[in-house]
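Below is one structure, written out as structure tokens, with a few remarks after it.
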Amino acid sequence: MQPLLAQQTPTPPTETIKTATTRTPTEQQVIDLSKTKWDWMADKKVDSLATLFDDRAMFTHMGGTWGKDQELATIKSGGIWYKKASLYAVDVRVFGDTAIVLEDMDLEAVVGARTVT
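Residue 50 in our numbering sits at position 50 of the sequence shown, and the numbers go up by one each step.
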């Protein structure tokens, strides 16, 4: 006899991204840079992105994970066009000289000839 598998309802996340009402100047600078990054990606400004992305950066997509050079080549060729990022909430965590940006967003992109969201 096969055991029955119960369907489980996914539990909601325990923490959501909430935009802070007050930020330090450093936090605001990082958030502004992140917004600029999305503009550069939409405009395919790979030279600007090349100075921003660390050489060790990794980029995860539905089709795989690759490094900085491949990401920039993909943007430049139009393989992925990050058309529009709509940000709803942003949080930044600063640890010494490292910052992590968390964004609740909708991303419209063109992958090959298909628009995806």
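We put the CB at the ideal spot given by N, CA and C, even for glycine. Remember, predicted model here, so these are calculated numbers, not experimental data.
Problem - Three-state class that DSSP yields for Lys83 in the structure shown - result: In the structure shown, Lys83 sits in a strand (DSSP, three-state: E or B).
Handout entry: Alpha carbon of Trp122 to alpha carbon of Thr21, nearest angstrom
Key = Only positions 1 to 117 of the chain appear in the structure, and residue 122 is not among them; the question remains open.
Problem - Selection from Lys35, Lys45 and Glu27 that minimises the alpha carbon distance to Ser77 - result: Lys45
Problem - Residue from Arg93, Lys68 and Lys84 whose Cα sits closest to the Cα of Met41 - result: Among Arg93, Lys68 and Lys84, the Cα nearest to that of Met41 is on Lys84.
Practice task
Compare the beta carbon distance of Val92 and Val101 with 8 Å and say whether it is the shorter of the two.
Solution key: yes
Handout entry: Length of the line joining the Cα atoms of Leu33 and Asp43
Key = 15 Å
Exercise for the section: Find out if the Cβ-Cβ distance for the pair Leu72, Ala50 is shorter than 8 Å. Expected result: Judged by beta-carbon spacing, Ala50 lies within the 8 Å limit of Leu72, meaning their Cβ atoms are closer than that value.
Handout entry: Asp104 versus Met62, Ser86 and Ile80, residue with shortest Cα-Cα distance
Key = Ser86
Exercise for the section: Would you mind listing the beta strand (DSSP E) stretches within the region 23-106 that are 3+ residues and don't spill past its ends, in chain order? Expected result: 58-61, 64-67 and 80-95
Handout entry: Beta-carbon proximity of Glu27 to Val94, cut-off 8 Å
Key = yes
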